[in-house]
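Written out below as structure tokens is the structure these notes cover.
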Amino acid sequence: KKKKQNSQLTPRLSTPLSLLGVATAIVIEEPAAGKTVDDIVTIVAQVQDKFGNKVDQNASVLLSATGTGSFGNAGATAIVDGEGLAQLSVTKPEPVVLSVADLGGTGLDASSTINVTCLPGAAVEYFIADAGSATTDAPISVSVLARDQFANLATSETSAVTLLSSGSVTGLGTVSVVDGIGTITIANQVAEVVELSLTGGAASLNASSTRLLTFAPGESVAFVLIPTNGSVDTTTFVSVEAHDQHGNIATHENRDVSVTFETAQLVPDPNKATTSADEISETVSVDIVAGVGTAPVGTQVPQAVSARLVDSASTLLDVTSTASIFILPGDTTKYTIEQAANATVGDVTVVPIVARDQFENTNCFDASAVTLVATNGQTTLVHFVNGNGFVNITTTLAQTVELTLQDTQATGNDITSTRSVVFSAGSTASYVITPPLDTTVDSSTEITVQALDAFGNLNPTENADVTLVSTGAV
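Here's what the structure looks like:
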């Protein structure tokens, strides 16, 4: 038997069938790859069903970003017909986490997050990186970076720029920048602060970057004497410096050393006797602080002094340095009239006048003047040469000439020194009869005969006999 078919057919629906599910979540879509920090990144937020299909539903959300990410309109975004757009800015090429919050109370899942990482932007400048610590002992590498507008390393940049520097830096020149970075090795034998700068490079890049770089002294290798001449008026201080291999002061050195001073030669003084007791022989400990110390040496007698180092602290540094120090006369404090030789009338005797310091040394650097006053009527302005002045004194009258000083040049120095010079009569030039007193024939009169020199002075040393001749009946 044939089975009877059902003649009733399923009716066709007149309204379209929707295949979208029910909205379940607000989801942040992944943006297009290859964005840089120079770009504004469009972020899409969608209302989706459980299968990830967009659902045409409106919502109000707040998009947030970690790190250097930030949204326009503070992240507030309106979703219309299932989709909303927000503008994201990022300044560092590092992961930024984006998240969403439901502001409209839709009850949809708003736990969606994504990571967005932008690439560095286009290079806009060259930048000299911090090179760290440098010393005069070794070369140092300096990096030049190409940076984008946000100071990120512009890894897409390849070009060349020239490094310059103040001071005594060597090794400067062209720096090849590859993938945003270039290095160059420089050196300096002088401990100093230098300024690094740039010139040239790609025309579109700013090359105004500068960097101060300190080259510190190297390791100590030697102690060195730095002599300074002085005078007997004050203590003379001789400097001792710790040096690195290039002669810079090793400011990190604080170990001590000693200095031995010995007289090399006493300075001859024609107006003052010196003895071996005036010589120096002593060793002085020097406290070195930040690479420098001083050793005192003093004496009351001008002299040349030799100095040598002694490694008293066993530093093992080189101590072969030696020096000569000259201790000079002090400032003039007084003028002294030195004893002049006695003379015969008519002859000249030389009176020395000496400019002396507080210790009676002749101040060989004095070029002042003083006035000598003599009781024979002679007044002379005496100019000093090498601390010595001389005056010629003469007279035709047998006498003792007293000598004194006057400070006519207002030096303020002591002028209390005095001296005497004796001028004696010369040899007998004539015998002279002193006119006798008149008398009478009933008495006698005394006749005196004098031995006189050429200037009429009585010669008290004359002991010769002479015959008196007279006319008449004497």
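Quick note on numbering: the numbering used here labels position 14 of the sequence shown as 266, and the sequence is numbered without any gaps. Where is the CB? At the ideal position from N, CA and C, for every residue including glycine. Note that the structure is predicted; figures quoted are calculated from it, not measured.
Span of the beta strand (DSSP E) around residue i
| i | result |
| --- | --- |
| I540 | Element bounds for I540: n/a, residue is neither H nor E. |
| S460 | Taken as a continuous stretch (DSSP letters only), S460 belongs to no beta strand (DSSP E), as it is neither H nor E. |
| H495 | 488-495 |
| F642 | 640-646 |
| H498 | Note, H498: premise wrong, no beta strand (DSSP E); not H, not E. |
| V509 | 509-518 |
| P604 | 600-608 |
| I433 | 433-438 |
| K586 | 586-589 |
| H504 | Where H504 is concerned, there is no enclosing beta strand (DSSP E), given that its DSSP letter is neither H nor E. |
| L704 | 700-704 |
| A277 | 275-280 |
| V622 | 621-626 |
| I579 | 574-580 |
| A474 | 474-478 |
| L561 | 555-562 |
Check: residue i C-beta below 7 Å from any heavy atom of the ligand NAD
| i | result |
| --- | --- |
| V430 | Because no ligand of any kind appears in the structure shown, any question about the ligand NAD cannot be addressed here. |
Exposure of residue i, with buried meaning 16 or more beta-carbon neighbours within 10 Å
| i | result |
| --- | --- |
| G432 | buried |
| F675 | buried |
| N258 | Confidence in N258 is poor, its pLDDT being 48 and thus under 50, which makes the residue's placement too unreliable to answer from. |
| P688 | exposed |
| N711 | buried |
| Q298 | buried |
| G384 | exposed |
| F303 | exposed |
| D717 | exposed |
| S533 | exposed |
| G664 | exposed |
| V307 | buried |
| L720 | exposed |
| L269 | With a pLDDT of only 47 at L269, under 50, the local geometry of the prediction cannot be trusted, and no value is derived from it. |
| D609 | buried |
| T614 | buried |
| A277 | buried |
| P581 | buried |
| S722 | exposed |
| S528 | exposed |
| N709 | buried |
| G724 | exposed |
| I438 | buried |
| D496 | buried |
| Q661 | exposed |
CA nearest to the CA of residue i, picked from the options
| i | options | result |
| --- | --- | --- |
| N571 | D583, P581, V492 | According to the sequence displayed, residue 571 carries Val and not Asn. V571 has its Cα closest to that of V492, out of D583, P581, V492. |
| A328 | S679, L624, V296 | V296 |
| G715 | D666, S696, V721, V701 | Looking at the sequence shown, residue 715 is not Gly but Asn. With distances taken between Cα atoms, N715 lies closest to V701. |
| A607 | E698, E447, P522, T388 | P522 |
| T488 | L568, N506, I579 | I579 |
| V279 | A362, L657, V519 | A362 |
| L477 | S573, N506, V430, Q441 | S573 |
| N500 | V519, A468, T527, A525 | A468 |
| N640 | T588, V653, Y683, D666 | T588 |
| A455 | C616, E409, P372 | E409 |
| T670 | T435, A703, T660, E654 | E654 |
| V427 | A626, S393, Y683, A443 | S393 |
| N367 | T668, E281, A474, G545 | E281 |
| T668 | T656, A529, T435 | T656 |
| C616 | S341, L340, V484 | V484 |
| K591 | T585, L457, T601, A285 | The sequence given here places Gln at residue 591; Lys does not occur at that position. Nearest option by C-alpha distance: T601. |
| V637 | A626, V622, S528 | V622 |
| V342 | T585, G319, Q658 | G319 |
| L416 | I292, L464, V519 | L464 |
| A626 | S672, L371, D618 | S672 |
| G423 | A406, L448, S411, Q401 | L448 |
| L568 | A375, A494, V446 | A494 |
| N458 | A412, Q441, D705, S418 | A412 |
| V376 | S564, F402, L450 | F402 |
| Y683 | T697, D705, S695, Q497 | D705 |
| S312 | A330, A326, D301, N325 | A330 |
| H498 | D354, F475, F707 | F475 |
On the three-pair Cβ rule with 8 Å, is the segment 546-561 touching the segment 630-648? With a cut-off of 8 Å, the segment 630-648 and the segment 546-561 do not count as touching, because too few Cβ pairs lie within range.
Beta strand (DSSP E) runs wholly inside the segment 300-384, at least 3 long, in chain order: Those beta strand (DSSP E) runs which fall completely within the segment 300-384 and span 3+ residues are 311-317, 328-331, 335-341, 348-354, 365-368, 377-380.
For the segment 591-601 against the segment 637-657, do three or more pairs of beta-carbon atoms, one drawn from each stretch, fall closer than 8 Å, so that the two count as touching? Output reads yes: the segment 637-657 touches the segment 591-601.
At a cut of 8 Å, does the segment 535-546 reach the segment 503-519 through at least three beta carbon pairs? Counting C-beta pairs with one atom in each stretch, the segment 535-546 and the segment 503-519 have three or more that are closer than 8 Å, which means they touch.
Okay, do the segment 339-346 and the segment 387-399 touch, 3+ Cβ pairs below 8 Å being the bar? In short, these stretches do not touch, since the Cβ pair count stays below three.
Below 8 Å, how does it come out for the segment 365-380 and the segment 395-410: are there three or more Cβ pairs, yes or no? Remark: three or more beta-carbon pairs, one from each stretch, lie closer than 8 Å, so the segment 365-380 and the segment 395-410 are flagged as touching.
Pick out the complete beta strand (DSSP E) segments inside the segment 631-697, 3 residues or longer, and give them in chain order. Segments of the beta strand (DSSP E) lying fully in the segment 631-697: 631-635, 640-646, 651-658, 671-676, 682-686.
Contiguous beta strand (DSSP E) assignments of at least 3 residues, all confined to the segment 383-458: Counting whole runs of 3 or more residues, the segment 383-458 contains the beta strand (DSSP E) stretches 392-399, 411-417, 425-429, 433-438, 444-451.
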